[in-house]
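Residue numbers (my numbering), protein chains in the order written: chain A, 943 to 1019; chain B, 943 to 1019; chain C, 943 to 1019; chain D, 943 to 1019; chain E, 943 to 1019; chain F, 943 to 1019.
Number of protein chains: 6
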Amino acid sequence: MADVWLSSLITATPQEGFELAITLSRRGVKYTQPDTEVLHKLRPDYANNADSLTAASHVIAINFQTVAAANDYWRKK
Amino acid sequence: MADVWLSSLITATPQEGFELAITLSRRGVKYTQPDTEVLHKLRPDYANNADSLTAASHVIAINFQTVAAANDYWRKK
Amino acid sequence: MADVWLSSLITATPQEGFELAITLSRRGVKYTQPDTEVLHKLRPDYANNADSLTAASHVIAINFQTVAAANDYWRKK
Amino acid sequence: MADVWLSSLITATPQEGFELAITLSRRGVKYTQPDTEVLHKLRPDYANNADSLTAASHVIAINFQTVAAANDYWRKK
Amino acid sequence: MADVWLSSLITATPQEGFELAITLSRRGVKYTQPDTEVLHKLRPDYANNADSLTAASHVIAINFQTVAAANDYWRKK
Amino acid sequence: MADVWLSSLITATPQEGFELAITLSRRGVKYTQPDTEVLHKLRPDYANNADSLTAASHVIAINFQTVAAANDYWRKK
């Protein structure tokens, strides 16, 4: 992947930080399976499965820890 | 999602922090599957399954780490 | 849940901290499935399954990290 | 459990800290299933299953993070 | 493995840090199963499975926490 | 286990730290199942399974977090 998609972990608000955590989680998938057509086909498998959605939320939570620490938890906002 | 749902990680008490962790965990699911009707249908799958409930509690625990650190563990309370 | 069940993360000893971590883990389940009758029925499912017990211990370990950090690891005791 | 089994997270060496992490992991199981006879019966289920052993090692790793931080990583040793 | 593949956790940008986290995740696999032919055969198993891809993204997220902390979250960039 | 296998978390390089994380992960398994013959028999179960290898890499990633923090991320190297 030659494109620049992550130049900073700093975000203006916690919500943007949460959305960056989602981006990081998706990129982790995309680096492992770069074929977007395959990813598209797999979507119903997890988007309609409760445990898969919990697992997705889990990865987002881990990445949000990183983004939140980077932003010193947006304490000064 | 254009609405603002997360403007701060700071809460008055640890219990409110725990409840924010639950919100974060649910939002992680909702960003992945925004269709609330689908989410509603999936509810019995995990709400009546011991391992799914443990997995849900796991994600809450991760998010609670983040919220607790943001609040310096409510030490001054 | 209107009741106050978590007013502080500070405990007198590490063991009480571990027990608080267990409370947090159970509350994570209970917020997701508030029906105590359902929870009671599900108990044999995980209490007699080795992997489910490991998963329960896993969530406790995560919450214990939070409680231990809040108490500065009870270093001054 | 009225007995005192955890009075400190401080250990003399990293290895003792790792062993304390194992104790914490087992206690997490035991608080969930206090019946030692049941636990004894379940032992073959996980002790002979590769994924269960990895899961056990995972919980130990989480608890070791806590114990290692408590001991400031035994840096002065 | 006698070759040097990890001489520093410091990277110029967060994106390079994320890519290092991917390298660490793959090395964790490769140390456990060094036979590249076996790894090649297993690829379709996880690259076409939604839950396996989420699990891969999970490990990357953990390693990214480490790399991000090492780089002080690239805050000065 | 009476032998001393972990006297320090400090390593000269990040790569040695990663290898120590692997040792910690394996020890977590070995404390749970000390019978090396059983472990040997189980090896094909996880070494040829993509999800098991990801799970192994996951535990290594957790332990690497600990070792990396202990070494202050080898920043001065």
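Don't be surprised by glycine CBs; every beta carbon is placed ideally from N, CA and C.
Fair warning: this is a prediction, and the values are worked out from it, not measured in the lab.
- Put simply, the CB of T965/D is far from chain C, with every gap to its CB atoms at 8 Å or more.
- In the three-state scheme derived from DSSP, where H, G and I count as helix and E and B as strand, P986/C is classed as helix.
- Under the Cβ criterion of 8 Å, A992/D is counted among the residues facing chain F.
- DSSP, read as helix, strand or coil, puts K972/F in helix.
- With a cutoff of 8 Å on beta-carbon distance, A992/F and S967/E are scored as not near each other.
- In this structure G959/E touches V1009/E by the C-beta definition: roughly 4 Å separates them, less than 8 Å.
- Put simply, of A989/F, V971/F, A998/F and A997/F the residue whose alpha carbon is nearest the alpha carbon of N990/D is V971/F.
- Look at D1014/E here: in three-state DSSP terms it is helix.
- In this structure, the beta-carbon distance from A954/B to R1017/A does not fall below 8 Å.
- The Cβ atoms of T974/D and A963/C lie no closer than 8 Å to each other.
- One Cα belongs to I1004/F, the other to V946/C, and the distance between them is close to 34 Å.
- Taking C-beta separations shorter than 6 Å and ignoring five residues to either side along the sequence, Q1007/F has no partners in its chain.
- With respect to Y988/D, T996/C sits close: the two C-beta atoms are nearer than 8 Å.
- Between L948/A and P956/E, the C-beta spacing is below 8 Å.
- Interface residue (Cβ-Cβ distance to chain A less than 8 Å): Y1015/B is not classified as such.
- The same chain holds no residue with a CB closer than 6 Å to that of R969/A once the five nearest residues on each side in sequence are set aside.
- At least one CB of chain E lies nearer than 8 Å to the CB of P956/F.
- Around I952/A, no beta-carbon contact reaches into chain B at under 9 Å, the shortest distance being about 15 Å.
- Non-local C-beta neighbours of T978/A in its own chain, meaning closer than 7 Å and more than five positions away in sequence, are absent.
- Sequence-distant Cβ neighbours of T965/E in its own chain, meaning closer than 6 Å and more than five residues away, do not exist here.
- The three-state reading of DSSP puts A954/C in coil, since its state is none of H, G, I, E or B.
- Residues of chain A with a Cβ closer than 9 Å to the Cβ of G970/B are, in chain order, F960, A963, I964, S967, L995, T996, A998, S999, H1000, V1001, I1002, A1003 and F1006.
- T974/E belongs to the set of residues whose beta carbon lies under 8 Å from a beta carbon in chain F.
- CA-to-CA, the gap between H982/A and P976/B works out to about 16 Å.
- Here the C-alpha atom of V980/C lies approximately 17 Å from the C-alpha atom of L984/B.
- Put simply, the CB of A1012/B is far from chain C, with every gap to its CB atoms at 8 Å or more.
- Apart from sequence neighbours up to five positions away, the residues of its chain that approach L951/B with a beta-carbon distance below 6 Å are V1009 and A1012, ordered along the chain.
- Cα atoms of E961/A and E961/B: separation of roughly 20 Å, rounded to the nearest angstrom.
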